[in-house]
Structures are given as structure tokens and as C-alpha cells.
Amino acid sequence: MMTSIDRLRETILAQSPTDQQEDAIFAEELEFLLRAAPGSGKTWTSCRRFIWRAANWPHPVGGLALLSFTNAAIREFKAATINVGRRDLLADPNYVGTFDSFVERYVLAPFGHLITGADKRPRLFPGPRPGDRKNRRMEVWTAGKRGQRTPVPAWEVIPYPDGDEIRFKGPRTIGNLPFTVANNAVHYLLSLGFYTHAQRMFWAWELLFKRPHIAELLARRFPEIIVDEAQDSNEWLLVLLDFLREKGARITLVGDPDQCIYEFSMADATSLTNLETKWSIPRKPLSQSFRCNNQIAAAVRNVGGNALFTGAGDGANEWRRGFVVRESSNMFSDCLAAFQSLAGQAGVSINRAAVVCRGHSQLESVRGKVNYRKLQGKTRLLAEAAFRRDSRHDYRGASQAVESIVCELTGDDPRWERIDNDPTSRERAAVELAIWKFVKSPDRLAPVSQLGDTWIRSMRTRLTSLIKEIGLQSSTTVGRYIKATGLSPDQKSLPLFESVQEFPEVRQDTIHQVKGESIDAVLVIAGTRFWNSVLAAVLRGDNTEDRRLAYVAMTRARHLLVVGLPKSHYDAQLQTWMEWGFRVAT
Numbered sequence: 000m001m002t003s004i005d006r007l008r009e010t011i012l013a014q015s016p017t018d019q020q021e022d023a024i025f026a027e028e029l030e031f032l033l034r035a036a037p038g039s040g041k042t043w044t045s046c047r048r049f050i051w052r053a054a055n056w057p058h059p060v061g062g063l064a065l066l067s068f069t070n071a072a073i074r075e076f077k078a079a080t081i082n083v084g085r086r087d088l089l090a091d092p093n094y095v096g097t098f099d100s101f102v103e104r105y106v107l108a109p110f111g112h113l114i115t116g117a118d119k120r121p122r123l124f125p126g127p128r129p130g131d132r133k134n135r136r137m138e139v140w141t142a143g144k145r146g147q148r149t150p151v152p153a154w155e156v157i158p159y160p161d162g163d164e165i166r167f168k169g170p171r172t173i174g175n176l177p178f179t180v181a182n183n184a185v186h187y188l189l190s191l192g193f194y195t196h197a198q199r200m201f202w203a204w205e206l207l208f209k210r211p212h213i214a215e216l217l218a219r220r221f222p223e224i225i226v227d228e229a230q231d232s233n234e235w236l237l238v239l240l241d242f243l244r245e246k247g248a249r250i251t252l253v254g255d256p257d258q259c260i261y262e263f264s265m266a267d268a269t270s271l272t273n274l275e276t277k278w279s280i281p282r283k284p285l286s287q288s289f290r291c292n293n294q295i296a297a298a299v300r301n302v303g304g305n306a307l308f309t310g311a312g313d314g315a316n317e318w319r320r321g322f323v324v325r326e327s328s329n330m331f332s333d334c335l336a337a338f339q340s341l342a343g344q345a346g347v348s349i350n351r352a353a354v355v356c357r358g359h360s361q362l363e364s365v366r367g368k369v370n371y372r373k374l375q376g377k378t379r380l381l382a383e384a385a386f387r388r389d390s391r392h393d394y395r396g397a398s399q400a401v402e403s404i405v406c407e408l409t410g411d412d413p414r415w416e417r418i419d420n421d422p423t424s425r426e427r428a429a430v431e432l433a434i435w436k437f438v439k440s441p442d443r444l445a446p447v448s449q450l451g452d453t454w455i456r457s458m459r460t461r462l463t464s465l466i467k468e469i470g471l472q473s474s475t476t477v478g479r480y481i482k483a484t485g486l487s488p489d490q491k492s493l494p495l496f497e498s499v500q501e502f503p504e505v506r507q508d509t510i511h512q513v514k515g516e517s518i519d520a521v522l523v524i525a526g527t528r529f530w531n532s533v534l535a536a537v538l539r540g541d542n543t544e545d546r547r548l549a550y551v552a553m554t555r556a557r558h559l560l561v562v563g564l565p566k567s568h569y570d571a572q573l574q575t576w577m578e579w580g581f582r583v584a585t
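Under numbering that gives the first Met the number 0, residues 0 to 585 are what the sequence shown spells out, in order.
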């Protein structure tokens with residue numbers, strides 16, 4: 000008679016895993032590196048590995064943890080487990096969730112108060128309040144440009160490991176901060192009951208390393224851990240994983256080093272292979288893509304570092320492959336026209352296509368002409384908020400920008416002090432709701448399609464009305480800060496953003512926004528410097544972030560890939576692209 004475990008195995012095999020996936024799912028090893036390729040089903044495989052290990056749990060205590068970095072992956076994990084009839088595996092003692100949630104639930108929530116001796120658990124910092132900006136204990140001064148001293152608030156201080164040392168840095172271009180002052184500032188913020196997203200892992204590290212018995216208990220609680228999308232682990236997560244393994248946990252890493260594109264958040268493309276070597280764990284491949292066709296995979300394989308990467312089968316016609324286009328326009332009109340033509344020849348709907356841009360400057364160029372860039376101070380910040388809403392549908396970012404402007408204009412109002420003292424109050428909620436409604440309505444936060452002069456005048460009136468609606472008092476007039484300084488006379492009579500209407504409606508996003516997706520047809524656009532950097536890295540064999548960004552962008556394509564190359568790069572390097580397997584679009 001077939002046992003429940005035998006039935007589970009048959010259920011998984013009925014879903015037609017490849018030989019490589021089957022080997023990973025049913026592996027006897029407690030830990031290994033599953034080195035995946037783009038579109039190879041690594042999250043699908045992680046799900047089934049979790050189900051199989053949890054159903055065959057050999058340990059007398061504890062449970063299995065399955066961790067990833069996105070809520071979308073977590074939803075896929077849970078749906079897959081339920082679909083095979085094992086909803087029970089999602090409950091205690093197992094855990095399925097993001098790494099952040101794991102640290103929050105099992106480290107900071109039960110033990111975070113021990114760091115400062117507080118009587119209640121700390122929580123994520125909701126955002127700076129006017130009182131915080133004036134609190135000198137929350138400032139770290141550092142040398143800025145031309146020797147000028149620059150203040151960095153505690154909530155922008157970023158702790159990071161540097162070998163055996165802990166260092167602190169500021170945001171963006173600000174380098175390392177004085178250790179003692181920065182350390183005091185983040186400790187003071189924690190004493191108020193708050194930590195930031197960038198500081199969360201630092202506090203988890205401090206707890207586990209200064210109280211190793213907690214790490215030992217956590218390793219007993221989760222003797223096996225599976226980490227999906229492990230290439231996105233930042234330095235703190237790697238340190239924590241290494242420490243838990245030292246205390247007895249066995250860890251399986253699933254990821255693709257060639258898709259590590261989050262260096263800005265301290266992700267390290269060498270981390271997986273470094274841990275593989277340090278831990279002496281076996282490697283298992285997932286090399287076949289279920290996304291890219293053979294022609295695209297063969298061409299893009301030269302850009303990435305995985306020589307085993309293969310496609311899902313030949314393209315259905317000769318136009319389903321990779322192409323390069325010579326771009327002579329700053330508005331990318333040449334490659335946009337070629338992309339539309341090639342999509343038609345390949346039989347791919349433009350509604351299932353995407354223009355994938357290296358950064359927001361290319362995205363703005365595709366969408367139109369930006370005239371607000373030379374606005375200054377709060378006026379530019381307000382224009383950027385409107386652009387975020389209009390072109391990126393980023394309502395949260397726009398609301399945060401508007402709130403910071405309102406705070407700076409009304410920071411002396413005593414109401415802010417009350418909100419500071421009780422950030423969960425109805426008063427705080429009322430302020431947030433008023434700002435949210437302001438941002439949502441184009442009749443209040445004027446769209447960037449308005450003429451410059453008209454937009455400035457209307458925003459003076461509307462921002463003043465918002466401040467009055469909230470019930471705040473300002474010691475100055477809004478007109479002193481919302482003004483046309485920076486706009487040329489011509490720009491004052493033009494829209495702040497002139498949208499391009501010639502190209503048919505097609506999705507436009509940055510590389511980071513499309514990571515993890517499968518898209519029928521993809522046009523990749525970037526500047527000359529980027530493509531020169533990519534080609535140089537490939538020829539030298541260097542594993543750079545530009546190279547990985549190009550690889551991620553190109554491997555989103557299922558049927559058609561078009562790469563728009565600026566004319567200077569195209570004229571100098573076309574032969575190399577053709578040798579890689581790209582055709583010239585004519």
C-alpha cells in the first residue's frame with residue numbers, strides 16, 4: 000500500500016520537474032548550493048524542496064525555515080504547499096516568510112529590548128518627525144564637500160560590517176562616519192524604541208553575538224534553513240547565516256550570482272560562491288531556462304557568467320531571437336520604432352512587451368522631456384513628487400516627499416510635538432490621510448503636464464490650503480519657497496514634463512522593477528557609458544554590477560530581445576555583439 004510520503008513524491012513528480020530539479024528536491028544532503036539560471040524555476044524548486052523536507056522531518060525538535068526576500072515569492076511558496084494538500088506544513092514549528100520578518104519575529108521582537116534595557120520591544124522607525132530633526136543627540140556631523148561639515152540624522156546612519164570591524168556610513172555620497180558619534184546616535188534612536196530597515200540586521204547581529212545562547216536556541220529551533228534568492232543577501236544576512244550555521248543549523252542556498260543587482264543595499268555577488276567554499280557544501284545546477292528561447296539564451300550567455308545556461312527550445316520563427324539596433328536619438332526613437340516593427344514580425348503583441356531602462360534618466364527620456372530639473376529646493380521636491388505619482392504611480396514616495404515639505408514649512412507648530420510623542424495617535428493618522436488625499440488628487444497636487452508658471456502659482460495656493468486643512472501654523476509664507484527659480488523664460492511657458500505620444504502604449508520600467516519577471520518581448524536601453532562598461536567587463540572576465548544588470552534585463556525576454564545601442568558604441572563594437580549571437584535589426 001502506498002504511504003503518504005510515497006503519494007507526496009508522486010504528486011511532485013506529476014508536476015514534471017527536470018532531472019536537475021528532481022535531484023535538488025529529493026536530495027539526501029541537508030545543505031547545498033543550488034546554482035540557478037534565469038527562469039530555471041529556482042523558486043518553484045525551493046517550494047518543493049521545502050515540502051519534501053518538512054514532510055520527511057528527521058529532527059526530534061524544531062522546524063524548517065524557508066526564507067526569501069520578496070512577498071511575491073512567499074505567496075508562491077504558500078500556494079504551492081497548499082496545492083499539494085500540505086497546508087499543515089506552513090504552521091509551527093515551520094516558518095515561511097521573508098528574511099526581514101524572520102529576524103523581526105525570532106530575534107528583535109522577543110529580545111530587542113535587552114540591548115537598551117527597555118521594558119518594551121523596539122519597532123521600525125515610522126519616519127522623521129519635526130522634533131527629531133531638532134534633536135542634537137540624533138545628529139552625526141561629518142566632513143562634506145569642500146570641507147563643509149554636514150549633519151547626518153540617526154535614521155540615515157547605515158551600519159555595515161567591514162571584515163572584523165563595524166563601521167557606519169551615511170546615505171548616498173557621504174562616506175564613513177565617526178564611529179563613536181554614529182554608534183551613540185543609533186543607540187539613542189533605539190532607546191526611543193526605534194530602528195530603521197538599514198539598522199535592523201545590525202541590532203540582530205549585536206544580540207546574537209553578544210548573547211550567543213540566543214543564536215544556539217535559534218539554531219535548535221530551525222536546524223534546517225532554505226534561503227531562496229540568496230544572491231540578494233546583504234553582508235549582514237551573510238554574517239547571521241554564517242553564525243547560525245556555526246551554532247548547528249544546516250543551510251541550503253538557492254540563487255544566481257549573475258543576478259545580484261543590489262550592491263546599493265550591500266548585496267555581494269561573490270557571497271554565494273564564498274560561502275560554498277567556506278562551508279564546503281556541494282553545488283547542484285539548475286541551468287535550463289523555462290523562459291528564454293534557445294536563440295536568446297545562446298546570445299545572452301556570453302554576457303553572463305553561466306556557461307551552462309540553456310533555453311527552453313527554439314523560437315517559433317526567425318524573428319524570435321536577440322537583435323541590436325543603432326540608436327542616434329536622445330529620445331530612443333530609432334530603437335523604439337525597430338522594436339515595434341520586430342515585435343510585429345515575431346508575432347508578439349506589444350501589449351505583452353516592455354521597454355526596460357537602465358535608470359530613471361532613460362525612463363524619463365522614453366516617456367517625454369523633463370523641464371523641471373533646474374527647479375530648486377522645495378519646489379523641485381514637490382515637482383518630483385508629482386512626477387512620481389504621474390509617471391511611476393509611486394504614491395507612497397510622493398506622499399513622503401509632500402510630508403517632508405509640510406514638516407519643514409510648519410516645524411515650529413506645537414502639534415508636531417504631540418505627534419512626536421504618540422506617532423500611533425489619531426492626530427498622526429489624520430495628518431497622513433490629508434496628505435494622502437492631497438497626493439491622490441490631480442486637482443490638488445497638480446500634474447507635471449501643466450505649464451511651469453501655471454503649476455507654480457497653483458501649487459502655492461494648494462499647498463497653503465493643505466497646511467490650513469491639517470490645522471498647522473507656518474511662520475513663513477509658502478510663496479517664499481515654492482517659486483520658479485531655475486526655470487528659463489521658455490520653460491515657464493512649457494509643461495514641466497512633456498509626454499511623448501508617438502509610440503504605442505507599452506510598459507516602461509527600470510531593470511530593478513522587472514527583476515524576476517518573464518516578458519514576451521523586451522527592449523533594453525541604456526547610455527553609452529553603461530554599454531562600454533558591460534562590454535569591457537565581459538572581455539576582461541570581470542564580474543561587475545553593470546554586467547549583471549545587463550544580464551538581468553536581457554534574460555527577462557521570452558521570445559524577442561532587442562538591445563538599443565547608442566551610435567558611438569554600436570559603430571565601435573558591433574562585431575563583438577554579432578559574435579555573441581545578436582543580429583542587426585534592419
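Glycine included, each C-beta is placed from N, C-alpha and C at the ideal position.
All values derive from a computational prediction rather than experimental measurement.
Beta-bridge partners of residue i, as assigned by DSSP
| i | result |
| --- | --- |
| R249 | E223 |
| A592 | Nothing in the structure corresponds to residue 592, since the chain is present only between 0 and 585. |
| E378 | The amino acid at residue 378 is misidentified as Glu; the sequence shows Thr. Looking at the DSSP assignment, T378 forms no beta bridge with any residue, so it has no partner. |
| D161 | E164 |
| G254 | R34 |
| L432 | According to DSSP, L432 bridges with nothing at all. |
| D663 | Examination of residue 663 is not possible in this model, given that the chain is present from 0 through 585 alone. |
| N301 | Answer by DSSP bridge pairing: none, since N301 is not bridged. |
| N590 | Because the chain spans 0 through 585 in this model, residue 590 falls outside it and cannot be assessed. |
| L123 | Y194 |
| R425 | In the DSSP output, where bridge partners are listed per residue, R425 has none listed. |
| T475 | Answer is none; T475 lacks a bridge partner. |
| T309 | Q287 |
| V583 | V323 |
Delimiting residues of the alpha helix (DSSP H) encompassing residue i
| i | result |
| --- | --- |
| K277 | 270–278 |
| T453 | 451–469 |
| E402 | 394–409 |
| C599 | The structure shown does not extend to residue 599, since the chain is modelled only from 0 to 585, so the question has no answer here. |
| G343 | 332–345 |
| R528 | 527–539 |
| E544 | 544–553 |
Endpoints, beta strand (DSSP E) assigned at residue i
| i | result |
| --- | --- |
| V139 | 138–142 |
| F25 | Neither: F25 is in no beta strand (DSSP E) and is coded neither H nor E. |
| V323 | 321–326 |
| G563 | 556–565 |
| L285 | 282–285 |
| V151 | 148–152 |
Local Cβ density within 10 Å of residue i, reported as buried at 16 or more and exposed below that
| i | result |
| --- | --- |
| E416 | exposed |
| D541 | exposed |
| G321 | buried |
| S424 | exposed |
| Q574 | exposed |
| A13 | exposed |
| W576 | buried |
| H212 | exposed |
| V583 | exposed |
| P488 | exposed |
| M553 | buried |
| A352 | buried |
| G162 | exposed |
| L307 | exposed |
| S440 | exposed |
| S348 | exposed |
| E501 | Model confidence at E501 stands at a pLDDT of 48, short of 50, so the residue's coordinates are unreliable; what they give is reported in the following sentence. It is exposed - the Cβ of E501 has fewer than 16 other Cβ atoms within 10 Å. |
| Q490 | buried |
| R388 | buried |
| M458 | buried |
Contact test: residue i Cβ vs the ligand FAD heavy atom, cutoff 7 Å
| i | result |
| --- | --- |
| V430 | Of ligands this structure carries none, so the ligand FAD is not represented either. |
Q. Counting Cβ pairs closer than 8 Å, one from the stretch 128–138 and one from the stretch 220–240, do we hit at least three?
A. no
**Q.** Segments assigned beta strand (DSSP E), at least 3 residues, entirely inside the stretch 62–112
**A.** 63–67, 94–97
(Q) Can you confirm whether the stretch 558–567 touches the stretch 324–331 when touching is taken to mean that 3 or more C-beta pairs between the two stretches lie within less than 8 Å? (A) yes
Q: Could you tell me whether the stretch 25–33 touches the stretch 277–288, where touching means 3 or more Cβ pairs closer than 8 Å?
A: yes
Q.
Could you check whether the stretch 53–67 touches the stretch 300–316, counting it as contact only if at least three pairs of C-beta atoms, one from each stretch, sit closer than 8 Å?
A. no
(Q) Does the stretch 390–403 come into contact with the stretch 94–108, if we say contact requires no fewer than three beta-carbon pairs (one atom in each stretch) closer than 8 Å? (A) no
**Q.** Contact the stretch 515–527 vs the stretch 334–348: 3+ CB pairs below 8 Å
**A.** yes
Q: Decide yes or no for the touch test of the stretch 169–186 against the stretch 440–455: beta carbon pairs closer than 8 Å, at least 3 of them.
A: no
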